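Peer 1:
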Amino acid sequence: LKRAYTTLNLSGTANPYVYSSLMGFNECGKSFKGIIADSPFKKKNIKAIITEGVDTKGVNRNPSMFKKIIEKINEVIISTPENVGIFCASYKILRGLLSNGIEMVIKKTNKKLFIEEPGLSASENIAIVDDFKSMASNGGGVLLGVSGGRNSEGEDYPGDYMNAVVIVGIPYHLPTPRVEAKIKYYDQIFNKQGWNFGYLYPAIQRANQASGRPIRKISDKGAIIFMDSRFKDKSKWISGWIRKEIKVIPDEPNILIQHLSSFWNNG
Numbered sequence: 001l002k003r004a005y006t007t008l009n010l011s012g013t014a015n016p017y018v019y020s021s022l023m024g025f026n027e028c029g030k031s032f033k034g035i036i037a038d039s040p041f042k043k044k045n046i047k048a049i050i051t052e053g054v055d056t057k058g059v060n061r062n063p064s065m066f067k068k069i070i071e072k073i074n075e076v077i078i079s080t081p082e083n084v085g086i087f088c089a090s091y092k093i094l095r096g097l098l099s100n101g102i103e104m105v106i107k108k109t110n111k112k113l114f115i116e117e118p119g120l121s122a123s124e125n126i127a128i129v130d131d132f133k134s135m136a137s138n139g140g141g142v143l144l145g146v147s148g149g150r151n152s153e154g155e156d157y158p159g160d161y162m163n164a165v166v167i168v169g170i171p172y173h174l175p176t177p178r179v180e181a182k183i184k185y186y187d188q189i190f191n192k193q194g195w196n197f198g199y200l201y202p203a204i205q206r207a208n209q210a211s212g213r214p215i216r217k218i219s220d221k222g223a224i225i226f227m228d229s230r231f232k233d234k235s236k237w238i239s240g241w242i243r244k245e246i247k248v249i250p251d252e253p254n255i256l257i258q259h260l261s262s263f264w265n266n267g
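Residues 1 to 267 in the numbering used here are what the sequence shown spells out, letter by letter.
(1) Taking the continuous alpha helix (DSSP H) assigned at valine 76, which residues delimit it?
(2) Could you tell me the alpha carbon to alpha carbon distance between valine 142 and glutamate 27, rounded to whole angstroms?
(3) Answer with buried or exposed for alanine 4, where buried requires no fewer than 16 other C-beta atoms within 10 angstroms of its C-beta.
(4) From the DSSP output, read off the bridge partner residues of isoleucine 257.
(5) Do the CB positions of threonine 80 and aspartate 228 come within less than 8 Å of each other?
(6) Please list the terminal residues of the continuous alpha helix (DSSP H) segment that includes isoleucine 126.
(7) Could you give the DSSP three-state label for phenylalanine 190: helix, strand or coil?
(8) Please report the Cβ distance between leucine 200 and tryptophan 241, rounded to the nearest whole angstrom; I am assuming they are in contact, meaning their Cβ atoms lie under 8 Å.
(9) Can you tell me whether phenylalanine 25 is helix, strand or coil according to DSSP?
(10) For a minimum of 3 consecutive residues, which ranges assigned as the beta strand (DSSP E) are wholly contained in the stretch 139 to 190?
(11) Using DSSP with H/G/I as helix, E/B as strand and the rest coil, what is leucine 98?
(12) Is glycine 53 helix, strand or coil when you go by DSSP?
(13) On the CB-based measure, 16 or more other CB atoms within 10 Å of its CB, does asparagine 15 come out buried or exposed?
(14) Output yes or no for whether 8 Å exceeds the beta carbon distance between isoleucine 70 and valine 105.
(15) Ignore the nearest five residues each way along the sequence and tell me which others in methionine 162's own chain have a CB closer than 6 Å to its CB.
(16) Is alanine 164 near glycine 101, with beta carbons less than 8 Å apart?
(17) Quick one: Cα of aspartate 38 to Cα of lysine 234, how far?
(18) Touching or not, the stretch 138 to 153 and the stretch 176 to 186, by the rule of three or more beta carbon pairs under 8 Å?
(19) Could you give the distance in angstroms between the alpha-carbon of lysine 111 and the alpha-carbon of serine 239?
(20) When you compare only the Cα positions, how much space is there between methionine 23 and glycine 149?
(21) Once you ignore the five residues that flank tryptophan 195 on each side, which residues in its own chain have a CB closer than 7 Å to its CB?
(22) Does the distance from the CB of glutamate 75 to the CB of asparagine 191 come in under 8 Å?
(23) Which residues does DSSP list as the beta-bridge partners of methionine 227?
(24) So what does valine 59 bridge to, in DSSP terms?
(25) Can you give me the C-alpha to C-alpha distance between phenylalanine 263 and valine 166, rounded to a whole angstrom?
(26) Going by DSSP, which residues form a beta bridge with alanine 48?
(27) State the start and end residues of the unbroken alpha helix (DSSP H) segment that holds isoleucine 204.
(28) Near lysine 47, which residues of its chain fall below 6 Å by C-beta distance, leaving aside the five closest residues on each side in sequence?
Laid out in structure tokens, this is it:
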């Protein structure tokens, strides 16, 4: 930064305060200006929801909770015209959904399931994503993967390639020694903001990246479902263009169907 004459940094997901702090804009000896632009997307084309009643915290990961999540995912799938993306906080949660019957539930919707698995080669993953996208004109498909992965961050799904996205759980990193060291370092540098900067923000950033997959063009229409009640207390970290549209819905049967059906039926 000190060697550059001018830099321009653009992001649709980064938190301006955290980003400017981590980049050291205040410390580089040069002036900078942050601008939060208005969203170019039409309000009527975005449906953002946080669901009550589900929580993927480790102590809650039991068959009863996974089956409840699957029931809510099923409501999303049957209420969505074509393709649905499901991005889990971890492969452990993804496997929990698989072991509790999500494959059979999706099969009954007549939409084809595609599963992102660890260890896939680039060509194997591309084939899965291409096949998933092709279902947009062939009855609809469901892509099951993880937040922070190549399909939830490095791939775009405009149009009917992904009408709805479900983010299952807050994608926190495991509290490894490296992560804990980063938190401790940020505590020293950023006035006790280590947990926010080193742990919470990266997790919400991964969720932000995943949540933007269906909305890539100005004309896109998409539903974004944060399926973990803990997002409610962390909503200020969610990207502004999504946060403005968020509604928290109660834990009631078929309520997702009601919200999503009206969204898709109204233009």
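We put the CB at the ideal spot given by N, CA and C, even for glycine. Note that the structure is a prediction, hence the values are computed from the model and not measured.
Peer 2: Working from what's here:
(1) For the purposes of this step, residue 76 is taken as the residue at position 76 of the sequence shown. Here the alpha helix (DSSP H) through valine 76 covers 63 to 78.
(2) As a working note, residue 142 is residue 142 in the sequence shown. As a working note, residue 27 is residue 27 in the sequence shown. Rounded to whole angstroms, valine 142 to glutamate 27 spans 46 Å at the Cα level.
(3) Walking along the sequence shown from the start, residue 4 turns up at place 4. The residue is exposed, with fewer than 16 neighbouring Cβ atoms inside 10 Å.
(4) Start at 1 with the first residue of the sequence shown, and residue 257 comes out as number 257. Bridge partners of isoleucine 257: none, in fact.
(5) Here residue 80 corresponds to residue number 80 of the sequence shown, with the count starting at 1. Here residue 228 corresponds to residue number 228 of the sequence shown, with the count starting at 1. Taking 8 Å as the Cβ cut-off, threonine 80 and aspartate 228 do not qualify as a contacting pair.
(6) Walking along the sequence shown from the start, residue 126 turns up at place 126. Per DSSP, isoleucine 126 belongs to the alpha helix (DSSP H) from 122 to 134.
(7) Taking the first residue of the sequence shown as 1, we reach residue 190 at position 190. Of the three classes helix, strand and coil, the one that applies to phenylalanine 190 here is coil, per DSSP.
(8) Position 200 of the sequence shown, counting from 1, holds the residue named residue 200. Position 241 of the sequence shown, counting from 1, holds the residue named residue 241. That belief does not hold up - the Cβ atoms of leucine 200 and tryptophan 241 are roughly 20 Å apart, past 8 Å.
(9) If you number the sequence shown from 1, residue 25 lands on position 25. Correct three-state label for phenylalanine 25: coil.
(10) 141 to 146, 164 to 168
(11) Sequence index remark: in the sequence shown, residue 98 carries index 98 (1-based). Leucine 98 falls in the helix class under three-state DSSP.
(12) Within the sequence shown, the letter at position 53 stands for residue 53. Coil at glycine 53, not helix or strand.
(13) As a first step, residue 15 is located in the sequence shown; it is residue number 15 there, counting from the start. So asparagine 15 counts as buried.
(14) Taking the sequence shown and counting its residues from 1, the one referred to as residue 70 is at position 70. Taking the sequence shown and counting its residues from 1, the one referred to as residue 105 is at position 105. Yes, they are a contact pair.
(15) Within the sequence shown, residue 162 is the residue found at index 162, counting from 1. Answer for methionine 162: Asn83, Gly85, Arg213, Pro214, listed in chain order.
(16) As a working mapping, residue 164 is identified with position 164 in the sequence shown. As a working mapping, residue 101 is identified with position 101 in the sequence shown. Cβ atoms of alanine 164 and glycine 101: not closer than 8 Å.
(17) Looking up residue 38 in the sequence shown gives position 38. Looking up residue 234 in the sequence shown gives position 234. Straight-line Cα distance between these residues: approximately 21 Å.
(18) no
(19) Here residue 111 refers to the residue found at position 111 when the sequence shown is read from its first residue. Here residue 239 refers to the residue found at position 239 when the sequence shown is read from its first residue. Computed Cα separation, rounded: 30 Å.
(20) Residue numbering aside, residue 23 sits at position 23 when the sequence shown is read from its first letter. Residue numbering aside, residue 149 sits at position 149 when the sequence shown is read from its first letter. For methionine 23 and glycine 149, the distance between alpha carbons rounds to 24 Å.
(21) Counted from its first residue, the sequence shown places residue 195 at position 195. Excluding sequence neighbours, tryptophan 195 sits near Ile183.
(22) Along the sequence shown, read from residue 1 onward, the residue named residue 75 stands at position 75. Along the sequence shown, read from residue 1 onward, the residue named residue 191 stands at position 191. Cβ distance not < 8 Å, so glutamate 75 and asparagine 191 don't count as in contact.
(23) Position 227 of the sequence shown, counted from the first residue, corresponds to residue 227. Partner(s): Val168.
(24) The sequence position of residue 59 within the sequence shown is 59, counting from 1. Paired residues: none, contrary to the question.
(25) For this step, residue 263 is matched to residue 263 along the sequence shown. For this step, residue 166 is matched to residue 166 along the sequence shown. C-alpha separation (whole angstroms): 16 Å.
(26) On the sequence shown, residue 48 is found 48 positions in, with the first residue counted as 1. Looking at the DSSP assignment, alanine 48 forms a beta bridge with Ile224, Ile246.
(27) As a working mapping, residue 204 is identified with position 204 in the sequence shown. It spans 201 to 211 - the alpha helix (DSSP H) in which isoleucine 204 sits, taken as one unbroken run.
(28) Numbered from its first residue, the sequence shown carries residue 47 at position 47. Ala223, Phe263, listed in sequence order.
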